[in-house]
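Residue numbers (this note's numbering), protein chains in the order written: chain B, 1 to 510; chain U, 1001 to 1112.
Idealized CB from N, CA, C, for every residue including glycine.
Each remark here refers to the structure printed beneath this line.
Below is the structure:
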């Protein structure tokens, strides 16, 4: 230490020596470990009884100043002041050195973290990321082994070792418990043979251990452990680097979770889009041509998939039959049952010769009652059938509304259902009813997404208002009427999100 | 939505207030399932404070009735507001439920 000062402060120290010599001293010298480092004048004889003053840094002797040929008290005091000054310089020199070492350490840490970032950037699973981090930190921190333990949400705990587990599970758990119990940001233990115990558990493989918590949002426990430093003990820079790795690991885990979440959402969205395409395909793609009827149907689902449906069944030997339905609930469950209900209605219509709407509903209810009960759901269904020879419309209604009928030059009215929805009771109470359906007669079968649409103030559009609205549109052809109904209800909602599916079948006698 | 629970004459009473819909039905379903598992499965649901029901809410009540009737009990309704009554009438679920105007009447009816 003094050698460095002698080299760096050469001129100042020489000035001190010259001062002493000109004051009458025969020599001035600097010593370290009982050997002279430098003597002024050079090669001078070091006489007896020198004045000696120790140079002490933090109470440790690092050298001496010696003067011969003078021994007064003021000389002694002057020498002491100079020794203190050199001690102060030595202290500053030492601090500077340690700051330089810290700076190098920091740079090393940055490089190490850069390497870690590079090594783990391509991993998309938490366990892969942690396995790679364990490998890299073992190398970077020069330890025998490393491990990561992460317990998060309801996933099974993730634990990754490199190169292999060194501790018994219960010993490891004891150290983790000790880390959690202490309020320090880390746990660093040096294990000497007699102290090779933590709690009741011994482990002869362990020389030293460093544990650092990892900060991960929503994790019950996340820990990074380093075992058996190869070249001695864990130092302060090791702890700093380990904490930096833990911080990086936390951020990396969160990134991976975020990525996985995005992937899951993207996957879900793709599946929903596919479900929507399938559902769109289940409702008729084209409006059929039915002699004596101007027909239009449309459906807008509130969520991506919905529980509303309509269907047209055309067979050469049967009257034109159509169905409109609404499954209770929303989203995928409603959509699944919608597909099932539509198919059952279609099948029941096709297997019987000349089935009436009442029979179709009865058979459908018999088929679906158990499943609907099991799933706590139901479906309102309207089935209509057009008999051109009588210009009559036969229908049966299982709890479905709104259904609005407006005879030519007459008043629009809501047709109330007589039967309960499908899936409520094992028997069906819906009966057949008939309507005259000549030119100008109008039937609108909608779903409650129309009548129960709400505006910003929470007010419902209403069944009576819908009936009155249909009355005003009675002169329009089916397509224009359907379009106007959608438009007016949308305007009423004033931009409020559509809360329920809106399905519409419009039939007009021509 | 608010749920208030009480019992009278061995009848479990659930009083609801607010919107009874897809988002609030889960809590009601859970309560009804638990209540309907105990004999006598006699439940009165007081809808006096409910101003809106959707199809999920109706399905929840329907399931409650089915569960209770399996144990020879029943789930009955009372205090149905006009707007909610209309939904029951339009779907004809008024034919499925026993509906009373007063809670005391609904409770008393179980004694007969």
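Cutoff 9 Å: residue i Cβ touching any chain U Cβ
i              : result
residue 181(B) : no
residue 425(B) : yes
residue 201(B) : Below a pLDDT of 50, predicted positions are generally treated as unreliable, and residue 201(B), at 47, falls in that range; the measurement from the model is reported next regardless. By this cut-off, residue 201(B) is not an interface position.
residue 279(B) : no
residue 500(B) : yes
residue 463(B) : yes
residue 496(B) : no
residue 448(B) : yes
residue 357(B) : no
residue 233(B) : no
residue 125(B) : no
residue 367(B) : no
residue 157(B) : no
When the options are compared against residue i, the one with the closest alpha-carbon
i               : options                            : result
residue 368(B)  : 385(B), 357(B), 342(B), 384(B)     : 342(B)
residue 1100(U) : 1045(U), 1033(U), 1072(U)          : 1045(U)
residue 1054(U) : 453(B), 282(B), 275(B), 433(B)     : 453(B)
residue 312(B)  : 320(B), 291(B), 306(B)             : 320(B)
residue 91(B)   : 102(B), 67(B), 72(B), 62(B)        : 62(B)
residue 179(B)  : 406(B), 41(B), 209(B), 153(B)      : 209(B)
residue 347(B)  : 315(B), 332(B), 333(B), 330(B)     : 315(B)
residue 42(B)   : 49(B), 52(B), 29(B)                : 29(B)
residue 285(B)  : 298(B), 158(B), 159(B)             : 298(B)
residue 134(B)  : 126(B), 123(B), 181(B), 146(B)     : 146(B)
residue 1024(U) : 1036(U), 1035(U), 1109(U), 1057(U) : 1057(U)
residue 407(B)  : 47(B), 183(B), 441(B)              : 441(B)
residue 510(B)  : 38(B), 451(B), 68(B), 436(B)       : 436(B)
residue 467(B)  : 364(B), 489(B), 98(B), 300(B)      : 489(B)
residue 430(B)  : 420(B), 46(B), 166(B)              : 420(B)
residue 272(B)  : 331(B), 366(B), 6(B)               : 331(B)
residue 130(B)  : 1(B), 122(B), 140(B), 159(B)       : 159(B)
residue 397(B)  : 388(B), 379(B), 387(B)             : 379(B)
residue 1090(U) : 487(B), 20(B), 382(B)              : 382(B)
residue 212(B)  : 76(B), 232(B), 149(B)              : 149(B)
residue 138(B)  : 183(B), 386(B), 227(B)             : 227(B)
residue 462(B)  : 1097(U), 1047(U), 1087(U), 1106(U) : 1087(U)
Under 7 Å from the C-beta of residue i: neighbouring residues of chain D
i              : result
residue 421(B) : The structure shown contains no chain D; its protein chains are B and U.
Residue-chain proximity (residue i, chain B), Cβ-Cβ < 9 Å
i               : result
residue 1095(U) : yes
residue 1098(U) : no
residue 1063(U) : yes
residue 1118(U) : Nothing about residue 1118(U) can be reported from this structure: the residues present for chain U run from 1001 to 1112 only.
residue 1001(U) : no
residue 1055(U) : yes
residue 1101(U) : no
residue 1006(U) : no
residue 1029(U) : yes
residue 1112(U) : no
Residue i (DSSP reduced to helix, strand or coil)
i               : result
residue 152(B)  : strand
residue 1034(U) : helix
residue 1006(U) : strand
residue 114(B)  : helix
residue 196(B)  : Note that residue 196(B) has pLDDT 48, beneath the 50 cutoff, so the model's placement of it is unreliable and the number below is only indicative. The answer is coil: DSSP assigns residue 196(B) none of H, G, I, E or B.
residue 1104(U) : helix
residue 201(B)  : Because residue 201(B) carries a pLDDT of 47, less than 50, the predicted location of this residue cannot be relied on, and no value is offered for it.
residue 146(B)  : strand
residue 501(B)  : coil
residue 8(B)    : helix
residue 186(B)  : coil
residue 300(B)  : strand
residue 164(B)  : coil
residue 191(B)  : coil
residue 16(B)   : helix
Neighbour list for residue i in chain B, Cβ cutoff strictly below 8 Å
i               : result
residue 1022(U) : 329, 330
residue 1066(U) : 373
Neighbour list for residue i in chain U, Cβ cutoff strictly below 9 Å
i              : result
residue 429(B) : 1092, 1095
9 Å Cβ cut-off: residues of chain B touching residue i
i               : result
residue 1058(U) : 328, 378, 421
Under 8 Å from the C-beta of residue i: neighbouring residues of chain U
i              : result
residue 417(B) : 1090, 1091, 1092
residue 399(B) : 1090, 1091, 1092, 1093
contact_flag[the stretch 250-258 of chain B, the stretch 211-230 of chain B] where n(CB pairs < 8 Å) is 3 or more: yes
Three CB pairs or more closer than 8 Å across the stretch 111-121 of chain B and the stretch 227-246 of chain B: yes
The stretch 1011-1029 of chain U touching the stretch 468-475 of chain B, judged by at least three CB pairs closer than 8 Å: no
Three or more C-beta pairs below 8 Å linking the stretch 1013-1021 of chain U and the stretch 483-498 of chain B: no
Cβ contact (3+ pairs, closer than 8 Å) linking the stretch 444-459 of chain B and the stretch 323-330 of chain B: yes
Three CB pairs or more closer than 8 Å across the stretch 356-373 of chain B and the stretch 411-418 of chain B: no
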